[in-house]
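Same order as they appear, the protein sequences are chains A and B. Residue 114 in full-length UniProt numbering sits at position 114 of the first sequence, with consecutive numbering throughout. Residue 7 in full-length UniProt numbering sits at position 7 of the second sequence, with consecutive numbering throughout. For each residue, glycine too, the CB sits at the ideal point set by N, CA and C. Predicted, not measured: the structure shown is a model, and the values here were computed from it. To keep things clear, I will list the structure first and then write my remarks on it.
Protein chains: 2
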Amino acid sequence: MKLNLDSEDELPVFRQLAKALQQKILSGELQPGARMPAETVLASENGIHRSTVREAIRALEQQGLLHREEGKRKLFVSRPNTEEMSRRLVTPMVMNGVTFEEIWEAIRALDPVAAEAAAHRRDIDNLKALDDNIARTKAAMDDPDELVKLDIEFHELIAVAANNRVIQSLRLPISDLFYPSFQTVMTSLNASERLLTAHEKIVQAIKWGDAAEAKEWMIKHLNDFRKGYELASLDITGPAEFPAKAGE
Amino acid sequence: MKLNLDSEDELPVFRQLAKALQQKILSGELQPGARMPAETVLASENGIHRSTVREAIRALEQQGLLHREEGKRKLFVSRPNTEEMSRRLVTPMVMNGVTFEEIWEAIRALDPVAAEAAAHRRDIDNLKALDDNIARTKAAMDDPDELVKLDIEFHELIAVAANNRVIQSLRLPISDLFYPSFQTVMTSLNASERLLTAHEKIVQAIKWGDAAEAKEWMIKHLNDFRKGYELASLDITGPAEFPAKAGE
Chain A
1 MKLNLDSEDE LPVFRQLAKA LQQKILSGEL QPGARMPAET VLASENGIHR STVREAIRAL
61 EQQGLLHREE GKRKLFVSRP NTEEMSRRLV TPMVMNGVTF EEIWEAIRAL DPVAAEAAAH
121 RRDIDNLKAL DDNIARTKAA MDDPDELVKL DIEFHELIAV AANNRVIQSL RLPISDLFYP
181 SFQTVMTSLN ASERLLTAHE KIVQAIKWGD AAEAKEWMIK HLNDFRKGYE LASLDITGPA
241 EFPAKAGE
Chain B
1 MKLNLDSEDE LPVFRQLAKA LQQKILSGEL QPGARMPAET VLASENGIHR STVREAIRAL
61 EQQGLLHREE GKRKLFVSRP NTEEMSRRLV TPMVMNGVTF EEIWEAIRAL DPVAAEAAAH
121 RRDIDNLKAL DDNIARTKAA MDDPDELVKL DIEFHELIAV AANNRVIQSL RLPISDLFYP
181 SFQTVMTSLN ASERLLTAHE KIVQAIKWGD AAEAKEWMIK HLNDFRKGYE LASLDITGPA
241 EFPAKAGE
């Protein structure tokens, strides 16, 4: 595979190589699933050092455009998984000490707009999934751990019903960061009835296609989260903890 | 560096290794800037194959927790750069064909909440930066390219003034995707006066600490974007294009 590298270009050669390969992938000339030539082949065909090839490949792996099967060396073109890449934001956010307040504010921005959009784009399958979530929530009123899981699912279902993949992927890392502390709130306060009422009102408004009402109830519901956090004497300006499962 | 690996654990060994290293970094035992032992050393000290070590290192590089200087092999612990990692979402979003409408809706969610938060957290330096942006906008009313740059800067300054690092980083990839099309709108429509008015109203509301007014003007301003897009006969449900600069 001979690539278009320019010795006059001021970009480092490995970046030129990464860019040329990226363009081939974005243009569809290299399709997801295609096997990449070996490092040594790419190096000799382009008259560059193997370590330069390796560095370009590393950059494209980090963008999710190249992928190896676990434990194997063979390299394939891949379609990056937006959700997986979005979840990679959890670690830097924790290391940079983002607070519960910052996370809450971001959810408070995204989820009401998602509820509004869901009401505009009413879809029978999404409504069935929401009804089913509410039925299971009613059956779990005395089980805080299960309620937290169902609440996470509810908010994800709203983002799916919004039919907006950008909002769906942007909310993943903040949802991962938000819920460990929410678990503390649910086990220490009796908030299950308020949670169920809010969920029911949101779904009803979506069914009616009443976007303003869906949005308003989502805002009330998220304000309740924040109040619960304060009532549980947790510090909203303290740094968020690393969620147990995200390290795996 | 001997790590705690468990042969009974069902996780693949490279994941156990990655997790053990990640925990050392998150706990602060390994500090950003620390030099990592060589692959061969990690392999022999833990009685595992060098390719297993390489795979664990690759996973941590993808999370931004390990880093090499360009063109060098030496590996260092690093604090992941949230902004850089957030921008990595641009490529998967484009490859998955997200639409202008999805991107617009996500900005429409984040920026009004950012304007509201900026009014709550009035800060003199941030207000000076916004005033300066408006002065330069006034001087660029006949230069659509410059106006687009200043508008991108304005929205980033609002996110900074909101003092919310989560919103700041989540909006980066969508801002990168949003503005190429906005450039088309600005050059084909005469929207500069409306843009300036909206920016001035938003900054005035922030100065007064009037969060509701700041939010409302931001919503009007973003609705104008969308209308402009439709007036320019662009298809809001068409896939977003890859921004020219993001490939570099």
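- M1/A has its alpha-carbon roughly 11 Å from the corresponding atom of G47/A.
- Neighbours of V77/A in chain B, taken as residues at a C-beta separation under 8 Å, are lacking, since the least C-beta distance is about 11 Å.
- Annotated three-state conformation of T237/A is coil, per DSSP.
- Looking only at D235/A, V77/A, D131/A and I219/A, the smallest Cα-Cα distance to A34/A is reached by V77/A.
- Taking the beta carbon of T82/B as reference, the chain A residues within 7 Å of it are L89, P92, M93 and N96, listed in sequence order.
- Residues of the segment 222 to 236 of chain A whose Cβ lies closer than 7 Å to any Cβ of chain B: none.
- Taking CB atoms only, N133/B has no neighbour in chain A less than 8 Å away.
- A Cβ of chain B is located within less than 8 Å of the beta carbon of N164/A.
- Within the segment 47 to 71 of chain A, contact with chain B at the beta-carbon level (separation under 9 Å) is assigned to S51, T52, E55, R58, E61, Q62, Q63, G64, L65, R68, E70 and G71.
- Distances from the CA of I57/B to each of K220/B, L234/B, K19/B and A161/B were compared; the closest alpha carbon is that of K19/B.
- A direct Cα-to-Cα measurement between A119/A and R226/B gives close to 19 Å.
- The Cβ neighbour count for S175/A, taken over all protein chains shown within 10 Å, is at least 16; the residue is labelled buried.
- Judged by DSSP secondary structure, L66/A falls outside any alpha helix (DSSP H) and instead within the beta strand (DSSP E) spanning L66 to R68.
- A distance of 8 Å or more separates the beta carbons of L189/A and P243/A.
- Secondary structure of F76/B (DSSP, three-state): strand.
- Taking a C-beta distance under 8 Å as the contact criterion, N164/B and E102/A qualify as a contact pair.
- Straight across, the Cα-Cα distance linking L66/A with A139/A is about 45 Å.
- For K128/B, the closest of K149/B, F100/B, I25/B and I158/B by C-alpha to C-alpha distance is I158/B.
- Exclusion of the five residues before and after F154/B leaves N133 and H199 as the residues of its chain whose Cβ lies within less than 6 Å of its Cβ.
- Apart from the 5 residues on each side of it in sequence, I25/A sits with its Cβ closer than 7 Å to the Cβ of L65 and V77 in its chain, given in chain order.
- In this structure, the straight-line span from the alpha carbon of L5/B to that of V41/B is close to 16 Å.
- Bounds of the alpha helix (DSSP H) holding T52/A are R50 to Q62.
- In the structure shown, R88/B adopts coil according to DSSP, grouped into three states.
- Annotation for F14/A: the continuous alpha helix (DSSP H) segment containing it runs V13 to L26.
- If you ignore the 5 residues before and after P144/A, its C-beta comes within less than 8 Å of the C-beta of Q183, M186, T187 and S192, all in its own chain and listed in chain order.
- Interface flag for P243/A against chain B is unset, since no Cβ pair is found closer than 8 Å.
- Apart from the 5 residues on each side of it in sequence, W217/B sits with its Cβ closer than 8 Å to the Cβ of A115, A198, K201, I202 and A205 in its chain, given in chain order.
- Residue burial is scored here from C-beta neighbours: R171/B has at least 16 other C-beta atoms within 10 angstroms and is therefore classed as buried.
- The alpha-carbon of L21/A is positioned some 52 Å away from that of A232/A.
- Shown here for D9/A: same chain residues with a beta carbon closer than 8 Å to its own, the five before and five after excluded, namely Q16 in chain order.
- In the DSSP assignment, R35/B forms a beta bridge with F76/B.
- Listed along the chain, the chain A residues whose CB falls inside 7 Å of the CB of M85/B are R88, L89 and P92.
- Within the same chain, P80 come within 7 Å of Q63/A by CB-CB distance, once the 5 residues on both sides are set aside.
- At a cut-off of 8 Å between beta-carbon atoms, E102/B makes contact with chain A.
- The Cβ of R108/A sits closer than 8 Å to at least one Cβ of chain B.
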